[in-house]
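Quick note on UniProt numbering: the sequence shown kicks off at 1 and runs consecutively. Below: the structure, in structure tokens.
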Amino acid sequence: MFMYTIDIAYVGRGLHEELVAYIADQQGYYADEGVHVALRDGCSWDEERLRHGATIGLGRALLSRLANGIPWVALNVNTHHPLFWFLARPGLTSLADLAGRRLAVHAPNTAPGCFARIVLRQIGLDPDRDIQTIVRPPGDYGMDLRWLHDGRIDAALVGSTMAPEAIAAEHGWQVLAWVGDYFQIPTVGVAVDPTYIHPDDPAVQAVVRAHRRALQVIHNEPNTTVRHIQTFLGRHTADEARAHYETFIAPYFTTDGQADLTVGATAITAVAAELGVPATVTAAEFYRTATSTL
Numbered sequence: 001m002f003m004y005t006i007d008i009a010y011v012g013r014g015l016h017e018e019l020v021a022y023i024a025d026q027q028g029y030y031a032d033e034g035v036h037v038a039l040r041d042g043c044s045w046d047e048e049r050l051r052h053g054a055t056i057g058l059g060r061a062l063l064s065r066l067a068n069g070i071p072w073v074a075l076n077v078n079t080h081h082p083l084f085w086f087l088a089r090p091g092l093t094s095l096a097d098l099a100g101r102r103l104a105v106h107a108p109n110t111a112p113g114c115f116a117r118i119v120l121r122q123i124g125l126d127p128d129r130d131i132q133t134i135v136r137p138p139g140d141y142g143m144d145l146r147w148l149h150d151g152r153i154d155a156a157l158v159g160s161t162m163a164p165e166a167i168a169a170e171h172g173w174q175v176l177a178w179v180g181d182y183f184q185i186p187t188v189g190v191a192v193d194p195t196y197i198h199p200d201d202p203a204v205q206a207v208v209r210a211h212r213r214a215l216q217v218i219h220n221e222p223n224t225t226v227r228h229i230q231t232f233l234g235r236h237t238a239d240e241a242r243a244h245y246e247t248f249i250a251p252y253f254t255t256d257g258q259a260d261l262t263v264g265a266t267a268i269t270a271v272a273a274e275l276g277v278p279a280t281v282t283a284a285e286f287y288r289t290a291t292s293t294l
């Protein structure tokens, strides 16, 4: 059978970025749709290389459209609640307690770093003046956990390479906040730069259909989903993986890949303000999920 081909890059690690594509691949949905997908690690790629294929990272795509004018469009959205958490040593019980403390966090011009700064400002902290920030690159957060354990830092923004609530319980630490509780943005899914890949390209639309099938698995087949999640959460028990799924994934991942444009508009305004650039794109222009075919 003739198959279309496409590269899809993930630009972060963990369930937030990879779960839907992983399920689509493992369940054979790409093959069903007649598309051969090469999943690429684009975490360290520059924007020029990234824009030649599809990307999962809608946050990064939005930032580069606002800051650099790269005309990314999002065709599928997995969730509006970013899977990042503020994890802290004993003695800190709220985000406000980060004042004067050492926080490991991504750079301000990255999507999770930008989101974290928006959250900190919401609770009245200036991330440049009120907190001692240690900029950390994307990864599995293993070094951040070591630094927390050793007392080198007081808190860290961590992603979904772990179940932070289980890690906190294990070490006697505290989950100060989930970013998704404070800041919503249509994030992770499928985006393309029409300069190189047309949104209606058959390979792109095949990927969108496969990912929407994977989203249905997340909602309709919890046992299958938890089994897949366990491949990402190797340090956790099956019960911990299921609790993480039931708390942060099943209630918040979309069923149909559609963006909430009201949420998107508010998020674009907040991101542009944090970056210090004009909001040059509307939610309807960037999130074109309604025009993607099933």
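Note that the Cβ used here is the ideal one computed from N, Cα and C, for glycine as well. For clarity, every value in this text was computed on a predicted model and none was experimentally measured.
Determine, using beta carbons only, whether residue i and residue j come nearer to each other than 9 Å.
i: Ala9; j: Asp46; result: no
i: Asp154; j: Leu120; result: no
i: Ser160; j: Leu15; result: yes
i: Arg101; j: Pro108; result: no
i: Ile131; j: Leu157; result: no
i: Thr55; j: Val190; result: yes
i: Tyr30; j: Ala206; result: yes
i: Ala96; j: Ile123; result: yes
i: Thr280; j: Gly69; result: yes
i: Val226; j: Arg209; result: no
i: Phe183; j: Ala267; result: yes
i: Gly113; j: Arg13; result: no
Hey, how far is the Cα of residue i from the Cα of residue j?
i: Trp236; j: Ile185; result: Just to set this straight, residue 236 is His in the shown sequence, not Trp. For His236 and Ile185, the distance between alpha carbons rounds to 28 Å.
i: His81; j: Asp150; result: 30 Å
i: Arg212; j: Gln258; result: 9 Å
i: Ala177; j: Tyr4; result: 42 Å
i: Glu18; j: Ile249; result: 13 Å
i: Leu294; j: Val263; result: Because Leu294 sits at a pLDDT of 47, beneath the cut-off of 50, its placement in the model cannot be relied upon, and the point is left open.
i: Val11; j: Arg129; result: 29 Å
i: Gly57; j: Thr187; result: 7 Å
i: Glu285; j: Leu62; result: 11 Å
i: Glu165; j: Ile229; result: 15 Å
i: Trp147; j: His244; result: 24 Å
i: Met143; j: Ala67; result: 30 Å
i: Glu48; j: Tyr196; result: 11 Å
i: Phe232; j: Ser44; result: 20 Å
i: Pro251; j: Leu215; result: 12 Å
i: Pro194; j: Leu75; result: 11 Å
i: Thr6; j: Val192; result: It should be pointed out that residue 6 corresponds to Ile in this sequence rather than to Thr. One C-alpha to the other measures close to 11 Å.
i: Gly234; j: Glu221; result: 21 Å
i: Asn223; j: Gln174; result: 28 Å
i: Val277; j: Val271; result: 9 Å
i: Ala169; j: His219; result: 27 Å
i: Asp260; j: Thr282; result: 12 Å
i: Ile167; j: Thr255; result: 29 Å
i: Thr93; j: Pro202; result: 50 Å
i: Gly91; j: His171; result: 13 Å
i: Val35; j: Met162; result: 31 Å
i: Phe84; j: Thr247; result: 13 Å
i: Thr289; j: Val217; result: 19 Å
i: Ala273; j: Thr79; result: 22 Å
i: His52; j: Glu33; result: 22 Å
i: Arg152; j: Gln27; result: 42 Å
i: residue 326; j: Pro71; result: Past the boundaries of the shown model lies residue 326; the chain is included only from 1 to 294, so the question cannot be answered.
i: Asp126; j: Thr133; result: 11 Å
Based on the DSSP output, what are the partners of residue i in its beta bridges?
i: Ile8; result: Leu39, Ala54
i: Phe253; result: Thr79
i: Tyr287; result: Ala74
How close, in whole Å, do the beta carbons of residue i and residue j come, if the pair is a contact with beta carbons under 8 Å?
i: His106; j: Arg136; result: 6 Å
i: Val77; j: Tyr287; result: 7 Å
i: Val179; j: Phe115; result: 6 Å
i: Ala111; j: Gly59; result: 3 Å
i: Pro199; j: Val73; result: 6 Å
Mind pulling the beta strand (DSSP E) runs of 3 or more residues that sit fully within the region 156-212?
-> 174-178, 187-192
Every unbroken alpha helix (DSSP H) within the region 55-138, with a cutoff of 4 residues, ordered by chain = 58-68, 111-122
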